[in-house]
Structures are given as C-alpha cells and as structure tokens.
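There are 2 protein chains.
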Amino acid sequence: MTGIPTATISRLVTYLRILEGLEVQDILRTSSNDLAERAGVTAFQVRKDLAYFGRFGTRGMGYTVPILKRELMRVLGLNQTWNVVIVGMGRLGQAIANYPGASDYQFQYVGLFDVSPDVVGRTVRGLPVRHMDELPEFVRRNKVDMGFLAVPPDHAQDAAQALAGAGVRGILNFAPTVIQPRMLERAGQQEISDEWRAVIVENVDFLAGMKRLAFYILNPHLNAVDTEETE
Amino acid sequence: MTGIPTATISRLVTYLRILEGLEVQDILRTSSNDLAERAGVTAFQVRKDLAYFGRFGTRGMGYTVPILKRELMRVLGLNQTWNVVIVGMGRLGQAIANYPGASDYQFQYVGLFDVSPDVVGRTVRGLPVRHMDELPEFVRRNKVDMGFLAVPPDHAQDAAQALAGAGVRGILNFAPTVIQPRMLERAGQQEISDEWRAVIVENVDFLAGMKRLAFYILNPHLNAVDTEETE
DNA sequence: TGCTGTGAACAAGTTCACAGCA
DNA sequence: TGCTGTGAACTTGTTCACAGCA
Chain C
1 MTGIPTATIS RLVTYLRILE GLEVQDILRT SSNDLAERAG VTAFQVRKDL AYFGRFGTRG
61 MGYTVPILKR ELMRVLGLNQ TWNVVIVGMG RLGQAIANYP GASDYQFQYV GLFDVSPDVV
121 GRTVRGLPVR HMDELPEFVR RNKVDMGFLA VPPDHAQDAA QALAGAGVRG ILNFAPTVIQ
181 PRMLERAGQQ EISDEWRAVI VENVDFLAGM KRLAFYILNP HLNAVDTEET E
Chain G
1001 MTGIPTATIS RLVTYLRILE GLEVQDILRT SSNDLAERAG VTAFQVRKDL AYFGRFGTRG
1061 MGYTVPILKR ELMRVLGLNQ TWNVVIVGMG RLGQAIANYP GASDYQFQYV GLFDVSPDVV
1121 GRTVRGLPVR HMDELPEFVR RNKVDMGFLA VPPDHAQDAA QALAGAGVRG ILNFAPTVIQ
1181 PRMLERAGQQ EISDEWRAVI VENVDFLAGM KRLAFYILNP HLNAVDTEET E
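Sequence order for the protein chains is C and G.
Reminder that position 49 of the first sequence reads as 49 in my numbering, one-by-one numbering, no gaps.
With the second sequence counted from 1, adding 1000 to any position gets you my numbering.
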C-alpha cells in the first residue's frame, strides 16, 4: 500500500474536531478553505489529506459537515468501541482516567492497574484499581484493545511488555521513555491469531513538549511558521 | 538560515534523555550506534541530527556522555531557568503541576491561574491559585517565559490570547484545540521590545494520541515502522 | 582500524496548477 | 462559475557512501 503520511492522520483528527465544533453550531456546510483556516494549514493540504481516503465533497459546493464527520470517524476507527486499561494510577493515571473527552469516542476505561499497595484496591471513577498480576487474565476476559501507560519511566518498558504479553493491540505511552518495540512482540503470548501484528505504540510526552518549546523560544526563526494561508 | 527539521528537535530531546540515563549508570562513552539503538532510529539519523548543531564526538571513539549531554542541554536551552505559569487548574492543570520531572530542567512553576471560584484561592504544590485578572501584572513582575494551557477547549483561544497579551514567549497547549496564531501576536502588548517575535505554540494533545492509536491499530501496515536499525 | 561528520542520492511530503464536475 | 480531486513540480527530510581524523 502506498503509505499515508503520519502527519495526515494527526491532521484528520484536527479536521474531525473542527467538524464537531461546526456541527454544534449547526453549520452544515464547509469547504477546504474554511477547514484549512480553522486548522491552520493550507486548503491544498486539506484536500490532499482527504483524498487519501476517498471523495467526500461536491465540486463547486464543498463538504457537508455531518457526512464528512461521519466519514472521518469511520476512517479513524472512532465508530466502534475501544476497551482501554490504564496502567499506572499515580497522579497522571488518575488525571487521565478523569479527563473528559475520552468517553465521547467510545474509548471505555474498563480496568485500572498499578502495583503500589497505596493505590491498589482504591476506586477511581467507579473502577477498582487492580494489581498488575491480574492484567493478563483481565485483558483476555474483557477484550481489551489498548493500554494507556502512565507509570514512572523506569517501569515503562516492563509495563509495556506486560501489556503486549497480555494481548493488547496498542499502547499509548505517557512515560518519557522510548519503548523498545523489539521486545514487545508476543512477549509470552501463546495462541497468536492470524490477525496478530506488532503492538502499536503511540507517544504522548509533555516533558518533551516543554523542551521543544524552550528550544523554539530561543530559536523562533526555526519554528514551523504555521502560515495558515488559505490559497 | 537553513532550517532544522522539527523532528530533529524532538529526537534531540530523546537523545538527551538517553544520555541522562547513561550518566546515572556511570557510562561515560557512547556512539551514534548505541544512541540510535536506544532511541529507535538509525545511526545516520543520530549523526545528522547532531551535525546540525556542531561536532560533539571524536572520530573512531564516539561521544563522551557528559560532554554530549551538556551540549544538547545548551542547544535545547535547558541550562537556564524558565519561569512558567499554568493557566487552568482543573484536574489536568493540577496533574501537570504535580508531575515530577519538570523541575529537573529549571522549569519553575511560579504562578497558577484559573477563573473558577472553586479553585482560585486554593493552594497547589505550595502555590496559591490566582485569578486570571492578575495574570498580566504577574507575568510582567515575575518575568514569566511560558504558559501551560490546561483550560477547557472552548476557553483555550481566549486564555492563549491572555497569555500572549501578558507577554509570555511561548505556550504549551494541552487543550484539544488549534490556537489561531494570528490573534496571538502582541494582543494588547504596549512596550514591545526589539526581541519580541511571534508567540511560540507547542501542542500536547493526548486525545489526538488516542485517536491516532485507534487508526494505527486498524491499519497497522500504515504505521511508521520505526525500524530501529543500527546501520 | 573505527567511528564521526557530511555532501550527494533518494524518498517522502507538501505545494501547486489545473482538469472535471455540480 | 466555484470548489473539489489529483497528477506533476518542488521542497523538505532521510538514507547512504565515503572522506577524514583519532
């Protein structure tokens, strides 16, 4: 397959968010120009990004908000339910569990895990915090799709392997560490389905964000100018 | 100036993190190969990234951990103190304030802000939560460099403008919204120094991370393979 | 010899111009 | 006419091969 730029996926998420905003305001029509302005990219870019996945507009008319929204949700896999566990229920894990917005997209927190006796057994958002020992069994039984990793950096690799071994398909890594993918594949997994492929790791690293910000403040001319032109 | 890839900056942050880990383990020497393996990139990439900023190694020998670490800190602007305010002290803002690691790099939280009477006046990590009205005065008096934005999406643009108007140089935006840069520049700023340039915005968006993860789980073959080869 | 530093080759992603359809 | 969809040009970033120095 051709290969779709990673940046395109990030932008699709942005477009979707904008479409939701428009829908709330009962705006029914938009255009590549309008989307571009709101997303801070060029209209060329919007059209190219959408073209990877199909033809969603009408020439001379633009896009119909609900239709494009529905199509983007389909493309991004947001019209299905995703079962999620959070591993690491310190402050960060708790903040994640309580952050609104996740549930909007059928991301359902079904289990919370930690190893510390201080936290295990407590209840967060109505869910008991379980011990990591229970993870493999729990993932299998509850058809868990993703794990959110919010443990300290020095435990991130182990926890990621535990998640991979338990059979999750993807990991959202909040720890400021590179997860070595090599060791993730089927760590301990016995009955590997035909569908099994490498575990996907996506990173969300806010300490890195702080550092990039420091750099660009010192070197503003190197900053991606984000020209937000509109053709 | 030539222009350094944004991705390079992100990778430099990763290299720095790895060097810190090596230093803790009293490992004094490394190489582009070693760094590459740990960072999950190629050794070519490591050398090219470093070459943008200077010559830090010794041919035939590799890199000296403390030296390379010091140089990367200098390049990234992490050998100076950054004064930071957090705007939005809901759960997310509180989690950010309490997250360890920020203070390691001279990122000092000097002020916390919100508008809700439920939060204003309370103390988080030893700092009082102030009302947004006090922001401009506070930023000026305390030489605030950056603002971390942790308000609900529908208030993000206003809060960003308030930060820009108050005179911060950069904003780390945790809200799932595109900040329109157009409106940020010198909103209400009177005495603009020669140094003044556009406010830098860097985004940390974990909802977007969730959605990207969903997409790549559904389309694993489109995932950036992260080959982590080592030449 | 070994590993860095770097110009040149290549690949990926973005911009553009315009064809095509409502 | 107006705005989408898309092949082609271009620009940016990555990979590579190898020169150069300890």
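From the three backbone atoms N, C-alpha and C, an ideal C-beta is built for every residue, glycine too.
{"query": "Taking the alpha-carbon of ALA1051 of chain G as reference, which of G:PRO1005, G:ASN1083, G:ALA1198 has the nearest alpha-carbon?", "result": "G:PRO1005"}
{"query": "Apply the 10 Å Cβ neighbour rule to GLN1161 of chain G and answer buried if 16 or more other Cβ atoms are within range, or exposed otherwise.", "result": "buried"}
{"query": "Does chain G have any CB closer than 9 Å to the CB of TYR63 of chain C?", "result": "no"}
{"query": "Quick one, are the C-beta atoms of ILE1086 of chain G and LEU1068 of chain G less than 9 Å apart?", "result": "no"}
{"query": "Expressed to the nearest angstrom, what Euclidean distance is found between the alpha-carbon atoms of GLU202 of chain C and TYR63 of chain C?", "result": "30 Å"}
{"query": "Checking contacts by CB at 9 Å: is ILE18 of chain C closer than that to chain G?", "result": "yes"}
{"query": "On the DSSP bridge assignment, give the partners of ARG29 of chain C in chain order.", "result": "C:THR64"}
{"query": "Between GLN1045 of chain G and the rest of its own chain, which residues show a CB-CB distance below 8 Å, the 5 nearest in sequence each way excluded?", "result": "ARG1011, ALA1036"}
{"query": "List, in chain order, every chain G residue whose beta-carbon is nearer than 8 Å to that of PRO117 of chain C.", "result": "Correct list: empty, because the minimum Cβ distance to chain G is about 20 Å."}
{"query": "Using only the alpha-carbon positions, how far apart do SER32 of chain C and ARG55 of chain C sit?", "result": "12 Å"}
{"query": "Starting from ASP158 of chain C, trace the alpha helix (DSSP H) in both directions and tell me its first and last residue.", "result": "153-166"}
{"query": "Is the number of C-beta pairs between the region 140-152 of chain C and the region 161-179 of chain C that are closer than 8 Å three or more?", "result": "yes"}
{"query": "Go ahead and pull the three-state DSSP assignment for ILE217 of chain C.", "result": "helix"}
{"query": "Kindly give me the distance between the Cβ atoms of VAL1119 of chain G and MET1089 of chain G, rounded to whole angstroms, as I take these residues to be in contact under 8 Å.", "result": "5 Å"}
{"query": "For the beta strand (DSSP E) holding GLN1108 of chain G, just list the boundary residues, first then last.", "result": "1107-1114"}
{"query": "Which word fits ALA1007 of chain G, buried or exposed, when buried means at least 16 other C-beta atoms lie within 10 angstroms of its C-beta?", "result": "exposed"}
{"query": "Helix or strand or just coil, what does DSSP make of LEU127 of chain C?", "result": "strand"}
{"query": "Which whole-angstrom value is the C-beta distance of ASN1223 of chain G and ILE27 of chain C, which I expect to be below 8 Å?", "result": "At roughly 34 Å, the Cβ-Cβ gap does not stay under 8 Å, so ASN1223 of chain G and ILE27 of chain C are not in contact."}
{"query": "Pop quiz: TYR1099 of chain G and LEU92 of chain C are said to be a contact at Cβ under 8 Å. What is the actual Cβ separation, rounded to whole angstroms?", "result": "6 Å"}
{"query": "Quick one: which chain G residues come within Cβ less than 9 Å of TYR15 of chain C?", "result": "Going along chain G, no residue has its Cβ under 9 Å from TYR15 of chain C, so there is no contact; the nearest lies around 10 Å."}
{"query": "Would the beta-carbon of MET1073 of chain G fall within 9 Å of that of LEU1127 of chain G?", "result": "no"}
{"query": "Determine, for GLN1180 of chain G, whether the minimum Cβ-Cβ distance to residues of chain C falls below 9 Å.", "result": "yes"}
{"query": "From VAL168 of chain C to ALA1039 of chain G, what distance separates their C-alpha atoms?", "result": "23 Å"}
{"query": "Between THR42 of chain C and ARG1182 of chain G, what straight-line distance do the alpha-carbon atoms span, to the nearest angstrom?", "result": "15 Å"}
{"query": "Rounded to the nearest angstrom, what separates GLN25 of chain C and VAL1013 of chain G at their Cα positions?", "result": "40 Å"}
{"query": "Might you give, ordered along the chain, the residues of its own chain that have their beta carbon closer than 7 Å to the beta carbon of ASP205 of chain C, omitting 5 neighbours on each side?", "result": "PRO176"}
{"query": "Between G:THR1081, G:GLN1094, G:ASP1114, which has its C-alpha nearest SER1103 of chain G's C-alpha?", "result": "G:THR1081"}
{"query": "How many angstroms separate the CA atom of ALA150 of chain C from the CA atom of VAL115 of chain C?", "result": "12 Å"}
{"query": "Where VAL75 of chain C and VAL65 of chain C are concerned, what is the direct C-alpha to C-alpha distance, given to the nearest angstrom?", "result": "15 Å"}
{"query": "What are the residues that DSSP puts in a beta bridge with PHE206 of chain C?", "result": "Answer is none; PHE206 of chain C lacks a bridge partner."}
{"query": "Starting from the Cα of ILE1009 of chain G, find the closest Cα among G:ARG1029, G:GLY1021, G:GLU1023, G:LYS1048 and give me that residue.", "result": "G:LYS1048"}
{"query": "Please name the residue or residues paired with THR1058 of chain G in a DSSP beta bridge.", "result": "G:GLY1062"}
{"query": "On the three-state DSSP scale, how would you describe LEU1149 of chain G?", "result": "strand"}
{"query": "Let's see if you can read the secondary structure: which residues bound the alpha helix (DSSP H) around LEU1078 of chain G?", "result": "From DSSP, LEU1078 of chain G is part of no alpha helix (DSSP H); its letter is neither H nor E."}
{"query": "Leaving out five residues before and five after THR1030 of chain G in sequence, what residues of the same chain have Cβ atoms less than 7 Å from its Cβ?", "result": "LEU1022, GLY1062, TYR1063, VAL1065"}
{"query": "Run the CB neighbour count on GLY1101 of chain G, radius 10 Å, all protein chains shown included, and call it buried at 16 or more, exposed below.", "result": "exposed"}
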